[in-house]
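A.B. asks: The structure follows.
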């Protein structure tokens, strides 16, 4: 049933500080704020996030039946003048390990729920018996709802959680140690009423038992609002429920990433020319795929560590065009508020204190803008970028490659082999990276790279189709351009045989070359290949490859294999005993001096100008016009690296390539390159994905990792 906004106006007497829990790219459990300029006015983040006190005076007298409104936010700006001092709180005893032991682990039990979250307990200093508890920052935000506020000091992290607001001099101590940034939560835990103890490699956190006392709804200008009243602060978490309900109207395209097949294609590898010239992630032949039904909505679950009375569960909840359904369910000691909302929308969740409330806003623009210096040389930022009337949520990291201890490397999902895929979350953690973004294209069927990967001057996968690539070294130098690797095999009779690709899973007629950087063996990727083995610059064998994937050929450590495909058989030039000379060049030639290269495409920006040319990189016009979630990498005028995730515009679809190029240009990119996108887009920092829940991210083949060394 629709509610008239003016019906609520007499009781809409209190302002809020919307503090995002979920970005459009799914920055879940991040308290956020609504957008400036909205009707009724908002408190600017520079003021509100400098210390949220107990929302005293009129707000503290809010009756349980009252509900929050955007229209009264300005009226509380005078109330937010400070924070609770530590002495105002009842300190709970924290169990401490023996002073001679430093405890650490990668699991936290939060009110009995086991979470993958890194932590450590250690003395405050070498002589202190006072142990301090440190927890990885992004994981703490996503698991318990503790908002990380903007900060210009990597060693200090201001936070807010219900009425506990620690900013300025009382900000939590922070330190980046290898792949994680830890926050000293010792004093925060006391203020929050948490009891902490270590049990082996598990840190046990128990909060005081809380109860839901009421749930209220209202329409707001930006969408719908649900307010959950609780009798005391309680940890909360936003989760994506991966059980979409299909609508009755079919559509020919998958809902997320139309550039990749939605189902396994068992016969894809039997044809000699498997990949199309426009997009190597699309099958070349028409496939009798039943169109997938579109998704009418996606379900999200806001789990609160609080019990709920049956009478509250039985109340009726209203719906709207953006709030498709609301369900409240008890789950042991938790209460789960489940909302189904349209694709592209995200719930924005934030906490308020005195009285304690959790506010759930259903709105198209749910990203909270942040600017956090996460570690020396690594800055985490997120904000909206405007193109005309469209507003795109952008989450990115700005990395100073000249910062001492910062290293940038290509990383693989299944090292040491070049075959395989895995979630970026897993790949980054296994590699020990502090930050990472998914990188180049790959074949979803055989799980091999389709584009340039060079590491330590070795071509793990050669470039294809003159597509864009990024190259770099440890001196902080970068280059972004369209890249071609040109190789030629020269016989004693000066016959020049061009090599089409090096160590590549991209299959087309011609000669492919595979050396020990590919692996110790080669297995034919297409039918009717001729495999020529070269050792010590001399042909030592020539054999038919047979059917796809049936025969394995060893790759000599002192040579390589030439694979002749699709009737291109210069047998007389490659007979056994023939001496061969190999010439290799990159275009641009400057790329050859860089030890690290990763391919993507298309190139978006050069010399601060948009240079998008899809056809020059073998992309079709239709592919370039498609809208999708996007990943990109660039360099700004200061020489810093930008690793960027752009999600769906407020109330609409993601950017096409032209829009992505403009966004990167607007962000100050001097040069920029598109990376694999859609469901592959993932931005990792300190043990967690920043831009989306892990359940929504696809497995990827390779990534760009940021490593922080002592």
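Residue numbers (the numbering used here): 9 to 718. Think of the CB as a built atom: it goes at the ideal place given N, C-alpha and C, for glycine as much as any other residue.
Considering just the uninterrupted stretch of the beta strand (DSSP E) at residue 154, what are its terminal residues?
C.D. replies: As a working note, residue 154 is residue 146 in the chain shown. Careful: residue 154 lies outside any beta strand (DSSP E) and carries neither H nor E.
A.B. asks: Can you grab the Cα-Cα spacing for the pair residue 160 / residue 515, in whole Å?
C.D. replies: Sequence index remark: in the chain shown, residue 160 carries index 152 (1-based). Sequence index remark: in the chain shown, residue 515 carries index 507 (1-based). Each residue's alpha carbon lies about 49 Å from the other.
A.B. asks: Give the secondary structure of residue 590 by DSSP, where H, G and I count as helix, E and B as strand, and everything else as coil.
C.D. replies: For the purposes of this step, residue 590 is taken as the residue at position 582 of the chain shown. In the structure shown, residue 590 sits in a strand (DSSP, three-state: E or B).
A.B. asks: Is residue 637 closer than 8 Å to residue 689 when the C-beta atoms are compared?
C.D. replies: In the chain shown, the residue the question calls residue 689 occupies position 681. In the chain shown, the residue the question calls residue 637 occupies position 629. Yes; because the gap between Cβ atoms is below 8 Å, this pair is in contact.
A.B. asks: Skipping 5 residues on each side, what residues in its chain have a beta carbon closer than 6 Å to that of residue 436?
C.D. replies: Translated into positions along the chain shown, residue 436 becomes position 428. If we look at residue 436 and ignore the five residues flanking it on each side, its Cβ neighbours are 444, 692.
A.B. asks: Give, in chain order, every unbroken run of the beta strand (DSSP E) that is at least 3 residues long and sits entirely within the stretch 524-597.
C.D. replies: 538-543, 546-552, 567-573, 589-595
A.B. asks: Just to confirm, is the Cβ distance from residue 336 to residue 327 under 8 Å?
C.D. replies: Numbered from its first residue, the chain shown carries residue 336 at position 328. Numbered from its first residue, the chain shown carries residue 327 at position 319. No, these two residues do not count as a Cβ contact at 8 Å.
A.B. asks: Do you know how far the Cα of residue 562 is from the Cα of residue 530?
C.D. replies: Position 522 of the chain shown holds residue 530. Position 554 of the chain shown holds residue 562. In a straight line, the C-alpha of residue 530 is about 6 Å away from that of residue 562.
A.B. asks: So which of 210, 610, 586 has the shortest CA-CA distance to residue 548?
C.D. replies: Working through the chain shown from its first residue, we reach residue 548 at position 540. Nearest of 210, 610, 586 to residue 548, Cα basis: 586.
A.B. asks: Consult DSSP for residue 139 and reduce its assignment to one of helix, strand or coil.
C.D. replies: What you label residue 139 is simply residue 131 of the chain shown in a count that begins at 1. Of the three classes helix, strand and coil, the one that applies to residue 139 here is strand, per DSSP.
A.B. asks: Can you pull the DSSP bridge partners for residue 492?
C.D. replies: Taking the chain shown and counting its residues from 1, the one referred to as residue 492 is at position 484. 595.
A.B. asks: Whose C-beta lies closer than 7 Å to the C-beta of residue 484 among residues of the same chain, with five residues either side of it excluded?
C.D. replies: Start at 1 with the first residue of the chain shown, and residue 484 comes out as number 476. Excluding residues within five positions, the ones whose Cβ falls inside 7 Å are 409, 410, 647.
A.B. asks: Taking Cβ to Cβ, would you say residue 469 is nearer than 8 Å to residue 426?
C.D. replies: Position 461 of the chain shown, counting from 1, holds the residue named residue 469. Position 418 of the chain shown, counting from 1, holds the residue named residue 426. Yes. Within cutoff.
A.B. asks: Tell me whether residue 227 sits in a helix, a strand or coil according to DSSP, three-state version.
C.D. replies: Within the chain shown, the letter at position 219 stands for residue 227. Of the three classes helix, strand and coil, the one that applies to residue 227 here is strand, per DSSP.
A.B. asks: Just to confirm my understanding: we take residue 317, look at its own chain, exclude 5 residues before and 5 after, and list those with CB closer than 8 Å. What are they?
C.D. replies: Walking along the chain shown from the start, residue 317 turns up at place 309. Taken in chain order, the residues that qualify are 219, 220.
A.B. asks: Assign residue 298 to one of three DSSP states: helix, strand, or coil.
C.D. replies: Position 290 of the chain shown holds residue 298. Below a pLDDT of 50, predicted positions are generally treated as unreliable, and residue 298, at 46, falls in that range; no measurement from the model is reported.
A.B. asks: Any idea if residue 660 is buried or exposed, counting beta-carbon neighbours within 10 angstroms, 16 or more meaning buried?
C.D. replies: Here the question's residue 660 lines up with position 652 in the chain shown. Answer is exposed; the Cβ neighbour count stays below 16.
A.B. asks: For residue 318, name the three-state secondary structure that DSSP assigns.
C.D. replies: Your numbering for residue 318 matches position 310 in the chain shown. Helix, per DSSP.
A.B. asks: Please work out which residues of its chain come closer than 7 Å, Cβ to Cβ, to residue 568, disregarding the five sequence neighbours upstream and downstream, and give them in chain order.
C.D. replies: By 1-based counting over the chain shown, the position of residue 568 is 560. Around residue 568: 521, 522, 523, 542.
A.B. asks: Going by the CB atoms, is the gap between residue 664 and residue 7 shorter than 8 Å?
C.D. replies: With the chain covering 9 to 718 only, the question about residue 7 has no answer from this structure.
A.B. asks: Would a C-beta distance cut-off of 8 Å place residue 111 and residue 129 closer than the cut-off?
C.D. replies: Reading the chain shown from its first residue, position 103 is the one you call residue 111. Reading the chain shown from its first residue, position 121 is the one you call residue 129. Yes; because the gap between Cβ atoms is below 8 Å, this pair is in contact.
A.B. asks: So, are the CB atoms of residue 606 and residue 352 less than 8 Å apart?
C.D. replies: Within the chain shown, the letter at position 598 stands for residue 606. Within the chain shown, the letter at position 344 stands for residue 352. The answer is no: Cβ separation not under 8 Å.
A.B. asks: Using DSSP with H/G/I as helix, E/B as strand and the rest coil, what is residue 199?
C.D. replies: Numbered from its first residue, the chain shown carries residue 199 at position 191. Helix.
A.B. asks: Counting along the chain, where does the alpha helix (DSSP H) carrying residue 190 start and finish?
C.D. replies: As a position in the chain shown, residue 190 is number 182, starting the count at 1. Unbroken run through residue 190 is the beta strand (DSSP E), 188-192; no alpha helix (DSSP H).
A.B. asks: Would you tell me roughly how many angstroms separate the C-alpha atoms of residue 307 and residue 378, rounded to the nearest one?
C.D. replies: As a first step, residue 307 must be located in the chain shown, where it is residue number 299. As a first step, residue 378 must be located in the chain shown, where it is residue number 370. Taking the straight line joining both Cα atoms gives about 26 Å.
A.B. asks: Apart from the five residues just before and just after residue 123, which ones in its own chain have a Cβ nearer than 6 Å to its Cβ?
C.D. replies: Taking the chain shown and counting its residues from 1, one reaches residue 123 at position 115. Once the five neighbours on either side are set aside, the close Cβ partners of residue 123 are 116, 151.
A.B. asks: What is the DSSP secondary structure of residue 512, counted as helix, strand or coil?
C.D. replies: What you label residue 512 is simply residue 504 of the chain shown in a count that begins at 1. The DSSP-derived three-state label of residue 512 is coil.
A.B. asks: Roughly how many angstroms lie between the CA atoms of residue 396 and residue 610, to the nearest whole one?
C.D. replies: Sequence index remark: in the chain shown, residue 396 carries index 388 (1-based). Sequence index remark: in the chain shown, residue 610 carries index 602 (1-based). Their backbone Cα atoms lie some 23 Å apart in a straight line.
A.B. asks: What residue range does the alpha helix (DSSP H) around residue 437 cover?
C.D. replies: Reading the chain shown from its first residue, position 429 is the one you call residue 437. Residue 437 -> alpha helix (DSSP H) spans 432-439.
A.B. asks: Output the distance between the C-alpha atoms of residue 439 and residue 697, rounded to the nearest integer angstrom.
C.D. replies: Mapped onto the chain shown, residue 439 falls at position 431. Mapped onto the chain shown, residue 697 falls at position 689. Between residue 439 and residue 697, the C-alpha separation is close to 15 Å.
A.B. asks: So residue 453 is in the alpha helix (DSSP H); what residue range does that whole segment cover?
C.D. replies: The count along the chain shown starts at 1 and reaches residue 453 at position 445. For residue 453, there is no enclosing alpha helix (DSSP H), as DSSP gives it neither H nor E.
A.B. asks: Under the assumption that residue 185 contacts residue 140 (Cβ atoms under 8 Å), give the Cβ distance between them as a whole number of angstroms.
C.D. replies: The count along the chain shown starts at 1 and reaches residue 185 at position 177. The count along the chain shown starts at 1 and reaches residue 140 at position 132. Actually they are not in contact, since the Cβ atoms of residue 185 and residue 140 sit about 14 Å apart, beyond 8 Å.
A.B. asks: Quick one: using the 10 Å Cβ neighbour count with 16 as the cut-off for buried, is residue 710 buried or exposed?
C.D. replies: In the chain shown, the residue the question calls residue 710 occupies position 702. Classification of residue 710: buried, given that the 10 Å Cβ count is 16 or more.
A.B. asks: For the candidate residues 593, 217, 340, 571, whose alpha-carbon lies nearest to that of residue 551?
C.D. replies: The count along the chain shown starts at 1 and reaches residue 551 at position 543. The shortest C-alpha separation from residue 551 is found at 571.
A.B. asks: For residue 658, which residues in the same chain have their Cβ closer than 6 Å to its Cβ, ignoring the five residues on either side in sequence?
C.D. replies: Start at 1 with the first residue of the chain shown, and residue 658 comes out as number 650. Once the five neighbours on either side are set aside, the close Cβ partners of residue 658 are 372, 373, 399.
A.B. asks: Return yes when the Cβ of residue 590 is within less than 8 Å of the Cβ of residue 497, no when it is not.
C.D. replies: Indexing the chain shown from 1 puts residue 497 at position 489. Indexing the chain shown from 1 puts residue 590 at position 582. In this structure, residue 590 lies closer than 8 Å to residue 497 by Cβ.
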